[in-house]
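**Q** Going by our numbering, the sequence shown wraps up at 327, each residue one higher than the last. All residues carry an ideal CB built from backbone N, CA and C; glycine is no exception.
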Amino acid sequence: MASQGGWSTKPRIQELKLKLPVSARDWKELSSEYKKRYCKARSSYTERYFTMAMKDSETPLEFFYRLNSAAGKADIDFRKSSKRLEKHVLRFITKLKDARLKTSLQGLRFRRISDLEYAFGVLSH
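#1: Residue 313: buried (16+ other C-beta within 10 angstroms of its C-beta) or exposed?
#2: Nearest-angstrom Cα distance between residue 284 and residue 316?
#3: Classify residue 204 as helix, strand or coil using the three-state DSSP reduction.
#4: Considering only the beta carbon of each residue, do residue 280 and residue 273 sit closer than 8 Å?
#5: Taking the runs of the beta strand (DSSP E) that are 3 residues or longer, which of them lie wholly in the region 214-246?
#6: Going straight from the alpha carbon of residue 239 to that of residue 311, what length do you get?
#7: Enumerate in chain order the residues of its own chain whose CB-to-CB distance from residue 325 is below 8 Å, with the five nearest sequence positions on each side excluded.
#8: If we ignore side chains and look at the alpha-carbon of each, how far apart do residue 248 and residue 268 end up?
#9: Ignoring anything shorter than 4 residues or poking outside the region 267-298, list the alpha helix (DSSP H) runs there in chain order.
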């Protein structure tokens, strides 16, 4: 229609801009929206592991397994080093949303991941 009316390029661009949704009018918003929808990996596995937080909808055990999985994808082998295991467990405890469980686990030391899983079973019943 614009070409039939003899419009110049500038009015055509303005018309197109007005037809776009608000999020597409701003390039920064358009870029971030595109990344959210179409780019699967927005960050590295390591970054995801270190910035992971517990979701409101998940149980502490589900979060624990998700954190373990993220550690595996980030090539952080916490099972072979006691220092890495300690940091991994501490990261898990600090990210917990359940204050009672958090307090209960803070004073304990774990030699293996299975010890922490056992503590879950004892503390949750």
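**A** This is what the structure gives:
#1: exposed
#2: 13 Å
#3: Only weak support is given to the placement of residue 204: the predicted model assigns it a pLDDT of 48, under 50, and the value that follows is read from those uncertain coordinates. Coil.
#4: yes
#5: none
#6: 42 Å
#7: 303, 306 and 307
#8: 14 Å
#9: 284-297
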